[in-house]
């Protein structure tokens, strides 16, 4: 029996069982995976999209081993809700929805429903890259960071590999979504598809190969760190490009920021230096760095590194360095045509701040 004949027997068996056990539950059957992409071989299993209308359709699910060919099959039931979620493109593994060849349809309305879901997904994929798209890709990246942490704090090789495996999986997903693509060909041809994506680390697949080829926990961690750093840079560049698209005029995003940083941080730095409060210096720089990042997301400014002058052994030096940083930031006000608001004393402020009598 050839593979095509074998596949048809499986399909026919699913249809026949649905008619007996759960009539009306089976909406359609599609074939995806290696038999759709042309990558099948003598040990290939049949990947079926069996869409069911209700819970009774789950009786069609079955996993079994075919002893004569030493191959296993998994007949997995998919609900319409599953396909609706795939059509929202929350992950890049949607070839089952997009590429399956329909070989059985109980009613034309089911084909129409599937077509509508495919069209919805195509519309999402073809639209210009947006903040919402970035958020979806970032969700996958955040999962990669979670597994990266697990790999880096582990010591046993098996634990490190488990963490690295999760990180690599979600890095690949994140890159696909950063390019608004989905995987057509599965894991077997993942490198081929990843190499065609423009938004990616230059040597992405080589970096991944380095991770999975490493022969010690330390080596896995070293190569995984390199992969994470390069992927993070791609995300950072994309985020900056998106921010630049919607960035308002410089003055709109800068007004009052120098005064606020002077108020919130400058005197804290000097007070902490005078009292030897290293923790206060450190956390003040954390807060200041976050504010600089927030400003940069709203206005086109130069890069300001709050940590460049940090010296845990010389807090006065750190305070002076922060003062110099603020002096440099005044250039942003000049470029935007802004003036720092100064008052000689509180009376002068009150006089200017309060509404004038009419």
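Numbering (our numbering), first residue to last: 1350 to 1707. For every residue, glycine included, the Cβ atom is placed at its ideal position computed from N, Cα and C.
Relative to residue 1549, the option among 1525, 1561 and 1378 whose CA is nearest is 1525. Taking all protein chains shown into account, residue 1681 has 16 or more neighbouring C-beta atoms within 10 Å of its C-beta and is therefore buried. For residue 1427, same chain residues with a beta-carbon under 8 Å away, outside a window of 5 residues either side, are 1398, 1399, 1400, 1401 and 1445 in chain order. Fewer than three Cβ pairs drawn from the region 1686 to 1706 and the region 1651 to 1664 lie within less than 8 Å of each other, which leaves the two stretches out of contact. Taking 9 Å as the cut-off, the beta carbon of residue 1573 is found no closer than this to the beta carbon of residue 1518.
Excluding residues up to 5 positions away in sequence, 1617, 1620 and 1621 lie with their Cβ nearer than 8 Å to the Cβ of residue 1629 in the same chain. Between residue 1435 and residue 1443, the alpha-carbon positions lie close to 6 Å from each other.
Residues 1392 of the same chain have their beta carbon placed closer than 8 Å to that of residue 1419, with the five preceding and five following residues left out of the count. Cβ-Cβ separation between residue 1485 and residue 1438: approximately 7 Å, consistent with a contact (criterion under 8 Å). With fewer than 16 other Cβ atoms from the protein chains shown falling within 10 Å of its own Cβ, residue 1585 counts as exposed. In the three-state scheme derived from DSSP, where H, G and I count as helix and E and B as strand, residue 1360 is classed as helix. In this structure residue 1455 does not touch residue 1575 by the C-beta definition: roughly 51 Å separates them, more than the 8 Å allowed.
Fully enclosed alpha helix (DSSP H) runs of no fewer than 4 residues occupy 1383 to 1386 and 1429 to 1436 of the region 1358 to 1446, in order along the chain.
In this chain, the alpha helix (DSSP H) harbouring residue 1509 covers 1506 to 1527. Cβ-Cβ separation between residue 1523 and residue 1493: approximately 6 Å, consistent with a contact (criterion under 8 Å).
DSSP places residue 1692 in the coil class of the three-state scheme, outside both helix and strand. Listed in chain order, the alpha helix (DSSP H) runs fully inside the region 1451 to 1479 are 1457 to 1475, counting runs of at least 4 residues. Within 10 angstroms of the beta-carbon of residue 1692 lie fewer than 16 other beta-carbons, which makes it exposed. Setting aside the 5 residues that flank it on each side, residue 1650 is surrounded in the same chain by 1644 and 1681, each with a C-beta closer than 7 Å to its C-beta; the list follows chain order. The Cβ-Cβ distance between residue 1671 and residue 1631 does not fall below 9 Å. In the displayed model, residue 1644 falls within a helix according to three-state DSSP.
Rounded to the nearest whole angstrom, the CA to CA distance from residue 1533 to residue 1448 is 8 Å.
Approximately 6 Å separates the beta-carbon atoms of residue 1553 and residue 1543; this is inside 8 Å, confirming the contact. Rounded to the nearest whole angstrom, the CA to CA distance from residue 1562 to residue 1555 is 10 Å. Contact annotation: residue 1363 and residue 1409 have beta-carbon atoms nearer than 9 Å. Here residue 1407 is not near residue 1429, since their CB atoms are 9 Å or more apart. With 16 or more other Cβ atoms inside 10 Å of its own Cβ, residue 1356 counts as buried. Residue 1609 and residue 1602 have their C-alpha atoms roughly 13 Å apart.
CA-to-CA, the gap between residue 1416 and residue 1569 works out to about 38 Å. Contact annotation, residue 1506 with residue 1566: C-beta distance approximately 5 Å; criterion of less than 8 Å satisfied. Spatial neighbours of residue 1370 in its own chain (CB-CB distance under 8 Å, excluding positions within 5 residues in sequence) are listed in chain order as 1405, 1408 and 1409.
For residue 1555, the enclosing alpha helix (DSSP H) covers residues 1553 to 1562. The DSSP-derived three-state label of residue 1490 is helix.
Taking all protein chains in view, the Cβ of residue 1701 is surrounded by fewer than 16 other Cβ atoms within 10 Å, so the residue is classified as exposed.
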